[in-house]
Each structure stands twice: as structure tokens, then as C-alpha cells.
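Quick notes on the structure that follows.
Protein chains in written order, with my numbering: chain A, 1 to 354; chain B, 355 to 758.
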């Protein structure tokens, strides 16, 4: 694939105070309990009251994050809208299933059905911004956001001037319980800032929405360059090891050039061993990020937001990373490695914009 | 210059056939697959016609060669049967020869099975076998089941843009090949009937109690269907290397958005017009080059007006033969784009135009009417295949005869 990809603007709603103010100066929000929920903004600044009333939570989160991202980028109508979501609007899906039962399939309100459609957020963004261009939604667990990024990179190389790429996922108490039945979450209840002290089966759950305006050229405003992206489906540890070496080499960086690794390590003893691949390459400073956002299908989007913010500010927000001993000597290249319950693995390589 | 993308294998299962040959037979016999459901538990069992695959889920698991293995939903089984045929048809016996990507499409994943056990799953007081369906709640489960069963290890993704999902899967696969990310990508979609979608479309008053009548003045909505379809896409260089048979070329495609309404198209069919026009132009075609349009033609009040207006705007008085094959297969949602792409390939291979069943009277808003007869020996070189969905999503594919 030819061409480059820069992050020109971005916005994130997450369990941290990421939406407003100086991105990296906010204190760390700590959750007591294994289900992290987003710090939600006042949506009225972005969405008209009559629309707001009808919309469920993840629709609001997705739409507000996308609009803030466009606003910040100074772009009203992007060249394409591509998103990823593992679960779409869970609240609407749950509601429609229940209403089918409760009303015995009669006189149903279609709104939850319409809003449960995975591309509902994309449609809303297009509608609100009158964007008649390419529009696509990926729904593949830990590859949902990553394929949205790959699609966006293809679009830029095909000549689109800019692409709005993003991800959104929510957790509900009902779904948290359902996934607890197949061992997704820790049995012991912990505080999010002590996650890494509790290596045991399962992790903590999270949610979030993050959007990025991607362009083929850099400006003084750019956050970072997305230099590389690779997905690996159910790799063996050996294949993962080889793939990481090849990924770095292919993008012209040595392991020692990586100034910071953002790792998806989540203290889940069932799948933690994959992260050993990072140690085998003697990579510099490694920081895990899931104590900040919890785990969910599109947590990679939070990691990308975090990495890009760090590169632009040339500083790691120390208050979010108590495990950080000292600031990296320089911040030129950041590697993100994440996987979703051992199945979908991804590498992302970010460069500082010079 | 980017490589051309060729279709080298097709596989499918629908209400009118368990494989591609069976589908072609029913199309030629003008045999609709619409009937009442035998699989779904719903109060609309004897009220709303559906195009159901005529096998129990158990029978499907036997056909797919996974009988006795746990956790395959009806969605996954339909997909697996279509995938196995597509691979056989393309002459792919060893998946290790060439890394294959798999871009699947799904609207509600394993809902067909999970909706029956959902309240047990969500109830802490209940335990039992149903726990194994928790993983099938999402759209990726069917994709991974299919990939793991046949041994796909390359790029793997699931797309969900409602009724245009598998057209977008084909488009993404073609673009991955053109960008050099992969040389072989298998694309399409799978969809099983569910109470969830039946009630969803019914709550929107979009379902006709009669067999659907696309482009008819008296039409009153769609009928749902189920099925799966996959097309093997390969780069020109790979096709030459392995001397594969080319069925057709995927020379053009477009995805546009209407930005008009969450579930309804614009009355002038702006999105449909833009998608068809862009797909045609990408393949270097002018309107006179198109012999057949396999329309989205759901028979809802709004779709057929919008799509018909778009056809008239693009082709005018010289509108080529067009028909909706949904009276045969029902609207199979995420599988529709794949199924109709294969019908487009069949139209080219066998020089056929398929009839638009159940049409009687011209719509008052339009001056064009669909083809109602089966036309044999009709010179078909270029076909447009349309898929439009919720969220204003419009996709059009240009499928062309390979002439060297």
C-alpha cells in the first residue's frame, strides 16, 4: 500500500477524563469494581435535544466523539466514514429482544431495532454532516477498529483527501453478567488502579468511543503518523514473535528505536503469555493501558488515541501511569500491541510528526 | 497499475437451492422459495411468508460435515456450506498454498440461536447447555467458525452495514487485492431467519403478507429470506500463475451514502444513482454498455420508487433489462449482496435474464417496468448489482464478462 496516514484530529470518550480540557493533565479516574464506565460529556453541545431523547447511550457517545473530532480537525464533511464496533448498541439490542417477549411480538416500537443496527452511528454521522461519501462498519471483535483503520488507509491511498475513522463500544450490567459466565472477568472485585497486581483468570471490562480524522499529509497540527498496522488471527506464540520482528523491519525501525510500547496486557492469566513477545525483543519502556479503559473489542482505539496524544505532547502523563519510573528519553516511535482474549492480535506503529 | 480482480469460484445456499446449480435450476424453472417458516417460533408463522432454507439446523450440520460438533449456529452452518462449495468450485484444495483472506458479512450474527436462549443466558438462576451460545451473540462468531473449519488464516473481518453488508464485503476484498494486501480474498455473507429481524421489519411495516411484488404498483413490502453466498476473488497474477478459470471480473464498485434518513431512501434515489454511476464509470462503462441490472428491489414502497427513479435518471428511455430476484430468495439481508452477485455471474455465464416474479402493474411514479420473463440466449456482458441498506448505505457492483 502506498501513501501515508496522519492523525489530524481526534476525540475520545472513555472511563478517563479524555473528552475535554488539556488531554493529559487530568487526574486518573479509578473505578472500584470490575466494570469501567465512561465519563460522559454534556451531549447538548453536539446533539439537538429532540434527537438526544431518542438516542441510546453508545449512539450519543459515538456521535459526540465523531463530531468533536471533526470540529477539532476543522473538517465538516470528511471524504469517508469508517468505524468499528464489537457490539453496536447493546442497549437497543437488549431492549428489542425483551420487547419481542414482553409484547408477544405485537405493536412493537421499531426504534430499538433500527438503533441496534451496527451501522446506525455511521448513518447518524453521515446524516448530521451531510456526508454522501463512502461509509462502512466493521464488526469483528478485536479487529473491528483495526479493519476500520486498514480500510481508511486504503481509502487515503486511493486518493481520498481525508477519512473519519472511529470505534465505539459500550458495556451494560446485563452483558457484563453474560460475559462473566464464560470467564471474561476476574472473580475477585478489584480497583482499576491495582489491575496488574491481580494476575488471575479474566480481566476488567471497559468501554469507549474514539474518532480520528486521518489525512495523507501532515500539518503543524498533526498528532502523529500511523506508520504501520498489522493484524494476526489466532497466531501461535512463534508466529507472533516472527511477525513482530518482520513488522518492525518492514517499517524500517529496530526494536531499540521504539521509545515506548503501549501494551494491552490486562492481568488475565489465561492469555497473558502472548505479551512475552515484547520482552523477547528487549523493547524499551512498556506501559500497559487497560487499567485506564478496561477491556473491550475496540480498546485499540483508546490506545491509538493515547499514543497519538503522548507523541504530540512529547510526554507520558505520569499521573495515569504510577508504574512509570522515568519519562522515556525521547518520544519518536511508539508501538501498540493488543489482543482480544487471545484471538485477534494487532500491532500499530506510530511516529512523531517532525 | 492496480491488478484486475477476478471471480474464480462461487458457492451458495438459499431457499431455492442448496448449491449454485440448484439455484440456477430454480431460477430457470421460475420456482420461488417463498413459503411459511418451519424453523422459527413466531406468532407470524402462518401469516408472513419467508424464504427459508428447506433443512433443519441438524440437517445443515450434516451437510456441512460438522454433525455432532457443538456451537455452530444456523448462520455459521449456512455460511460453511456456501464456503465449502466456493472453495471446491475455485479448485482450492490446500489452504496453505496461498494465504486467503475472508471478508464476511452479517447483520445479527448468531441471533437465530441466541434469541431462543437469551433469557436463560441473562438469568443468574439458570445454568445449562445454553452457555455455549454466549460466544455466538456477536457477528464475528460465524466468520471465525467458518474460517477455522476450512483453515483460513489470512485477513479476516466481518462487515455489517445492514442490507448492503455483503456487497461491501466484496468491495473491501477487491480493494485489499488491488492494494496488494492479499491475492485471494473470499467475500460474501450469511444470514439466518430470526424472530428479531422478522419483528424488526414488521414493526417498520415493511413486510408484505403476500409474496413480495417488486416494482409493482400494488407492492406492500418485502419478505425475509435466509441463505449464504461467497465468491472467491483473486488477483490477475494469481489467476495466471495457477491457471484458474475466470468466471467474471469485478471491474467496478461504489459505496455512497444518502445522508437523508436512518431507514428510508431519498425519493429521487440520489444514493442509488451515485452508486450505480460510480461503479459503472470505475469499470470504464457507459450506460449503453449495461445489459442487466439485478436491482435491490425489496418491494418496499420507498425502495422501489427511489431505485426506479435512479434507474430512469441514469439510463433514461434506454434502461436495460432489470429484475429483482427477491421473489425467489426473499430479502436475505447480509447475504443478499453475495447471492445477487452470484446471480449476476450466472447471468453472464449462461446469457440469461432472470424474471421479476409477481409483477403485474407498472408503478405510477415510473415509466420503466422490470423484465417478467426468463430470457435465454440474451447477450449479457456487463451487469450492475445493487444493495441498499439502513443508515443510507448504498452499494453497487459492476460484474463483467471476461473476454481476455
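For every residue, glycine included, the Cβ atom is placed at its ideal position computed from N, Cα and C.
These figures come from a predicted structure and were not determined experimentally.
Counting only unbroken stretches of 4 or more residues, the alpha helix (DSSP H) elements lying wholly within the segment 226-253 of chain A are 237-250, in sequence order. In chain A, no part has a C-beta under 9 Å from the C-beta of residue 505 of chain B; the shortest such distance is about 11 Å. Ranked by how close their Cα comes to the Cα of residue 120 of chain A, the residues A/323, A/237 and A/54 have A/54 in first place.
Proximity of chain B to residue 151 of chain A at the Cβ level (cut-off 7 Å) is accounted for by 526, in chain order. Between the segment 44-60 of chain A and the segment 429-438 of chain B there are fewer than three C-beta pairs closer than 8 Å, too few to call the two in contact.
Neighbours of residue 741 of chain B in chain A, taken as residues whose beta carbon is under 8 Å from its own, are absent, since the nearest beta carbon is some 13 Å off. Interface with chain B (8 Å Cβ-Cβ cutoff): residue 24 of chain A is excluded. The beta carbon of residue 75 of chain A lies closer than 7 Å to those of 162 and 213 in the same chain, with the five residues before and after it left out.
DSSP places residue 361 of chain B in the strand class (E or B) of the three-state scheme. By the C-beta criterion, the segment 406-426 of chain B is judged not to be in contact with the segment 334-345 of chain A, since fewer than 3 inter-stretch pairs fall below 8 Å. Contact annotation for residue 493 of chain B against chain A: 118, 139 and 140 [CB-CB distance below 8 Å, chain order]. Shown here is that no member of the segment 438-459 of chain B has a Cβ falling below 7 Å from a Cβ of chain A.
At the C-beta level, residue 468 of chain B and residue 140 of chain A stay beyond 8 Å of one another.
Between the segment 452-461 of chain B and the segment 599-607 of chain B there are fewer than three C-beta pairs closer than 8 Å, too few to call the two in contact.
A residue is called buried when at least 16 other Cβ atoms come within 10 angstroms of its Cβ; residue 68 of chain A meets this threshold and is buried. The beta-carbon of residue 159 of chain A is placed no less than 8 Å from the nearest beta-carbon of chain B.
Beta-bridge partners of residue 676 of chain B (DSSP): B/647. If you draw a straight line from the Cα of residue 549 of chain B to the Cα of residue 482 of chain B, it is about 22 Å long. When DSSP states are grouped into helix, strand and coil, residue 627 of chain B belongs to the helix group. CA-to-CA, the gap between residue 594 of chain B and residue 660 of chain B works out to about 41 Å.
Under the 8 Å criterion on CB atoms, residue 133 of chain A is classed as interfacial with respect to chain B. It is roughly 50 Å from the alpha-carbon of residue 552 of chain B to the alpha-carbon of residue 25 of chain A. For a Cβ distance threshold of 8 Å, residue set 110, 113 and 114 of chain A lies close to residue 558 of chain B, ordered along the chain. Under a criterion of Cβ atoms nearer than 9 Å, no residue of chain B is adjacent to residue 64 of chain A; the nearest Cβ is some 17 Å distant. Closest in alpha carbon position to residue 125 of chain A, among A/103, A/79 and A/100, is A/79.
Taking the CA atoms as reference points, residue 32 of chain A sits about 40 Å from residue 105 of chain A. Distance check between residue 645 of chain B and each of B/737, B/535, B/613 and B/634 places B/737 closest, using alpha-carbon atoms only. Among the residues of chain B, those whose CB is under 8 Å from the CB of residue 127 of chain A are 613, 614, 615, 616 and 746, following chain order. The Cβ of residue 621 of chain B sits no closer than 8 Å to any Cβ of chain A. Taking a Cβ-Cβ cut-off of 8 Å, the neighbours of residue 177 of chain A in chain B comprise 476 and 478, given in sequence order. A buried status is given to residue 60 of chain A, since no fewer than 16 other beta-carbon atoms sit within 10 Å of its beta-carbon. Rounded to whole angstroms, residue 379 of chain B and residue 682 of chain B show a C-alpha spacing of 12 Å. One finds nothing in chain A with a Cβ atom closer than 9 Å to the Cβ of residue 688 of chain B; even the nearest lies about 10 Å away.
The beta carbon of residue 582 of chain B sits closer than 6 Å to the beta carbons of 367, 432, 433, 436, 544 and 689 from its chain, once the five residues preceding and following it are set aside; these are given in chain order. Residue 262 of chain A and residue 596 of chain B have their C-alpha atoms some 42 Å from each other. DSSP places residue 125 of chain A inside the alpha helix (DSSP H), whose first and last residues are 120-129.
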